[in-house]
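In terms of our numbering, the sequence shown has 165 at position 11, counting the first letter as 1, and numbering is strictly consecutive. Glycine residues also receive a C-beta, built at the ideal position from the N, C-alpha and C atoms.
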Amino acid sequence: MSVQSTTPTQLIYLDANATTPVLPRIAQVVSHTMQEGFGNPSSSHITGVQAKHLMEQTRTKARQVIGAQSGKILFTSGATEGIQTAVVSALVAKREQANADSVLLYGATEHKAVPNTLIHWNNVLGLNAKVLAIPVDENGLLDTDFIAKHAPNALMICTMAVNNETGVYQDLAKIEQAIRQQNPHACWMVDCVQALGKQQLNISQTSIDYAPFSGHKLYAPKGIGFLYIRESSPYTPFIAGGGQESGMRSGTENLPGIAGLNELFTLLLDTELGVFHSSETLHGYRQQLIDALSDTFGELTFNHPLEGSVPTTLNFAVNELSSKEVMDLFDAASIRVSGGSACSSGAARSFVLDAMQKPSWQSENAIRLSFGPAATAQEIDLACERIRSLKAVLANNCLIAPEACHTQHDICAYGLTQFRHQHKLSWLYVSDNQQAVIINPQIAHVSRFEKIVKVQQLNVVAVLNTHDNEQQNAARHQVAQKLGLTDNVDTLGWPVDKTQLTLGNKQLIKLATAGISPEGQSYVLQENGVAELCFCGELMVWGGLGNTQHPHSDNEQMAASLILLNKELNSQTVLCPAYDYQQCFAMNWQSQVLSVPLLAELIDGSLSTAQFAEQKQAFDKEHLVQQGHLAGFIAHCEPCTINELSQSQLHNELHHSGIRLLDVREPYEHDARAVHQLFDVPAAQVVNIPLSRLANALCCGALPKNEHYILLCRTGNRSAQAAKNLRLLGYEHVFNLQGGLALV
Ligand code: PLP
155 MSVQSTTPTQ LIYLDANATT PVLPRIAQVV SHTMQEGFGN PSSSHITGVQ
205 AKHLMEQTRT KARQVIGAQS GKILFTSGAT EGIQTAVVSA LVAKREQANA
255 DSVLLYGATE HKAVPNTLIH WNNVLGLNAK VLAIPVDENG LLDTDFIAKH
305 APNALMICTM AVNNETGVYQ DLAKIEQAIR QQNPHACWMV DCVQALGKQQ
355 LNISQTSIDY APFSGHKLYA PKGIGFLYIR ESSPYTPFIA GGGQESGMRS
405 GTENLPGIAG LNELFTLLLD TELGVFHSSE TLHGYRQQLI DALSDTFGEL
455 TFNHPLEGSV PTTLNFAVNE LSSKEVMDLF DAASIRVSGG SACSSGAARS
505 FVLDAMQKPS WQSENAIRLS FGPAATAQEI DLACERIRSL KAVLANNCLI
555 APEACHTQHD ICAYGLTQFR HQHKLSWLYV SDNQQAVIIN PQIAHVSRFE
605 KIVKVQQLNV VAVLNTHDNE QQNAARHQVA QKLGLTDNVD TLGWPVDKTQ
655 LTLGNKQLIK LATAGISPEG QSYVLQENGV AELCFCGELM VWGGLGNTQH
705 PHSDNEQMAA SLILLNKELN SQTVLCPAYD YQQCFAMNWQ SQVLSVPLLA
755 ELIDGSLSTA QFAEQKQAFD KEHLVQQGHL AGFIAHCEPC TINELSQSQL
805 HNELHHSGIR LLDVREPYEH DARAVHQLFD VPAAQVVNIP LSRLANALCC
855 GALPKNEHYI LLCRTGNRSA QAAKNLRLLG YEHVFNLQGG LALV
């Protein structure tokens, strides 16, 4: 049974901390200002006077919103410009004072705009102060003892009101005390971007020198923000020119943006309008979302204290699922969330959670879900409904435990499935009668294997390694133990009393393939003596040979192993190595031989074993260093060209007879949305073969070479990878849909 939720049409946007849509009322005012009230505030005619009036009125409202009776409000292009302005102002003023002990302090969980700006201007202005991160505790709160200790030497201290990844809010009064008791004159900037609209701000009751704000985080357009500057605090114009903003920031003002802020401030100030919700309502929304997530995914781990963070942010990890899996699934179901910080460069882990000393898996698998304070009850209900609709998809793809869902499960793991952790590959093979073998399991996949075996009621015959190393042995032991496999096996997991293992109507045999290490094994799955799969471990990487630079490696033994494999395998035998650097996913013996000249020459007899050994030694020395791969060199490095199909070319091609749409996303993404409806083609024209099952498709002939394929995925990246792989395998009629489903 394939569970496919109905094609979701309405976008569920839960990434408000990255940016928000412009509210219709604000968009209307912006549009009106662009078309009707478009004056230049510097013009002396009435249109200009009107523009200036709007600008000054907005400034007055800004003061009210942030509780600033005095000080200046400067319109900027956004918070990053506000931060530059504050840092330049402070550092220019403190330049004369700087000495060998001077420090610049910033919170370890600050948005990258802050430390990067400090570092940049510290260099450019030649202050040479030490730039120090203020540590945070496990709840994300700044260490005020650290602040007090370093404040006497601090020229500038940068902290934030609310964190963008976790929603954690700081105790500003406590921070202020730590700073001011030690140093009444240090410049203090508080990044208030994520606090506006979510927290009461009484800036005048504090000694904050600078506070940057950004419009696009709260329903105003991108390209507008403002900076609060305390009355007596130092100031240096960051942009010089025509003298606008009383010479504090030159350049014609962004009046439509300012008008947008004006309307935003009206909505914030007039609570009767009911656009922005109370903290109580927002807490209720967050609880609803937590309930929907827990009902759908099972156990969650929150990465921040819920009571110490604004109610509009939720940062969590789904226990046992990677953030990539959750993000891909959500994206396929038109639910937009973010992994870690959407504003950062897409790094795999979160520096914010690292600073909070969260365990690695939490930092790597963080999901941030955030909504704006003007979210409606209907929007939250719809979001919860959409999240819950994914439960059946998750259960059917073994991503949640069976007890979490009461539907009947098909066996989705029949045949060969690849599991990838960084460059390491594990393999699961399941026969028609549900007998299974797991090869080279990784620690990261232990619970996944446990779940699959349980949900799919597999009978695991063996958990095998192809080589003997500590990490690999530990993972094998863990999986075997969890699955209750306590049989008498050798160090690699092979049952000592068996010469071959039976998996349905196939046999798994083992071949001693030394080379990388003396005990290296390959496992070959045969049917009626014909080799279908070869788990070759470290001996080969796709498009290359394993690394024989280890102390126990032996190139002549490797040559003998490759010659042995050549005898046992046939051109179509699918190779299943232990490492993959090329994101290759599937390869057969024939393509492997064609890709690796050294291998081809060895098996056709043009190289003797000794010559092979000599050349291999030289190759490893040259290529391993060059490529930086630990497990082997890749011989075939020529870029393989693929046929890219633009979105406009797609529709012509689609109606060609015999062309198939090949969705290479994981089944849980495929199932979250009916792809054929999107393209208006019969369901039979769409095939879903995820990258993790490409080797299986190759093995069982699911992809005839004479057919034409358009490959697609979420953004066109994974499908480009698969297209390259198919080209290496000799497929000629393969196109990649540029931009993927994101641009359809
Ligand atoms: N500070 C914080 C806390 C933020 O969340 C962001 C944006 O994500 C910024 C600064 C930068 O804001 P802008 O995009 O307006 O430059």
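Please name the residue in the options whose C-alpha comes closest to that of residue i.
| i | options | result |
| --- | --- | --- |
| G812 | Q744, L799, I864 and R847 | I864 |
| F773 | N317, C341 and L752 | L752 |
| T406 | N194, Q441, F419 and D641 | N194 |
| M481 | Q626, A520 and N871 | A520 |
| G893 | R868, R881, A529 and Q875 | R868 |
| Q719 | W515, L756, A828 and F739 | For the record, residue 719 in the displayed sequence is Leu; it is not Gln. Of the listed residues, the one whose Cα sits closest to L719 is L756. |
| C794 | L422, E710, F833 and G884 | G884 |
| L208 | G414, N276 and A254 | G414 |
| R819 | L808, T653, S802 and V840 | V840 |
| K284 | V290, D291, W275 and E292 | W275 |
| F833 | L808, S198, K545 and A826 | L808 |
| A108 | K775, M741 and E776 | Given a span of 155 to 898 for the chain in the structure shown, any question on residue 108 remains unanswerable. |
| L326 | C552, E319 and I301 | I301 |
Going by the beta-carbon positions, is the gap between residue i and residue j smaller than 8 Å?
| i | j | result |
| --- | --- | --- |
| S404 | G395 | yes |
| T763 | A714 | yes |
| A222 | I357 | yes |
| S492 | D817 | no |
| I670 | T702 | yes |
| L286 | T313 | no |
| Y382 | I220 | yes |
| S676 | C690 | yes |
| C730 | A567 | no |
| N416 | F229 | no |
| C346 | F367 | yes |
| E692 | H621 | yes |
State yes or no: is the C-beta of residue i nearer than 7 Å to some heavy atom of the ligand PLP?
| i | result |
| --- | --- |
| H638 | The sequence given here places Gly at residue 638; His does not occur at that position. Incorrect: G638 has no Cβ contact closer than 7 Å to the ligand PLP. |
| D644 | no |
| Q348 | yes |
| T234 | yes |
| S243 | no |
| N95 | Residue 95 cannot be examined here, being either before or after the span of the chain that is shown, 155 to 898. |
| H862 | no |
| N871 | no |
| K878 | no |
| K371 | yes |
| N171 | yes |
| H265 | yes |
| M314 | yes |
| G526 | no |
| S368 | yes |
Run through the DSSP bridge pairs and tell me what residue i is partnered with.
| i | result |
| --- | --- |
| F889 | N797 and I864 |
| V322 | S463 |
| E479 | DSSP lists no partner for E479. |
| F380 | F229 and F367 |
| P375 | In DSSP, P375 forms no bridge with anything. |
| K284 | V257 |
| V290 | L296 |
For residue i, which residues of its own chain have a beta-carbon under 6 Å away from its beta-carbon, when the five flanking residues on both sides are left out?
| i | result |
| --- | --- |
| E978 | With the chain covering 155 to 898 only, the question about residue 978 has no answer from this structure. |
| V316 | Y323, Q348, A349 and V464 |
| A267 | T234 and I237 |
| H370 | T173 and K376 |
| L165 | S488 |
| S387 | D363 |
| A629 | P595, Q596 and I597 |
| V344 | T313, A315, I362 and A365 |
| F766 | A713 and L756 |
Identify, in the order they occur along the chain, each residue of the same chain with its Cβ nearer than 7 Å to the Cβ of residue i, setting aside the five sequence neighbours on each side.
| i | result |
| --- | --- |
| K328 | T298 |
| A340 | A305, A308, L309, M310, I311 and I333 |
| L891 | L799, L804, I864, L865, L866, G870 and S873 |
| K842 | This sequence places Asn at residue 842; Lys is not what is there. Once the five neighbours on either side are set aside, the close Cβ partners of N842 are D817, P821 and H824. |
| K878 | C794 and I796 |
| K512 | N457 |
Ordered along the chain, which non-local residues of its own chain (more than five positions away) have a Cβ less than 8 Å from that of residue i?
| i | result |
| --- | --- |
| K660 | S585, L679, Q680, E681 and E686 |
| Q625 | I597 |
| Q801 | L891, Q892, G893, L897 and V898 |
| F739 | Q572, L845, S846, L848, A849, Q875, A876 and N879 |
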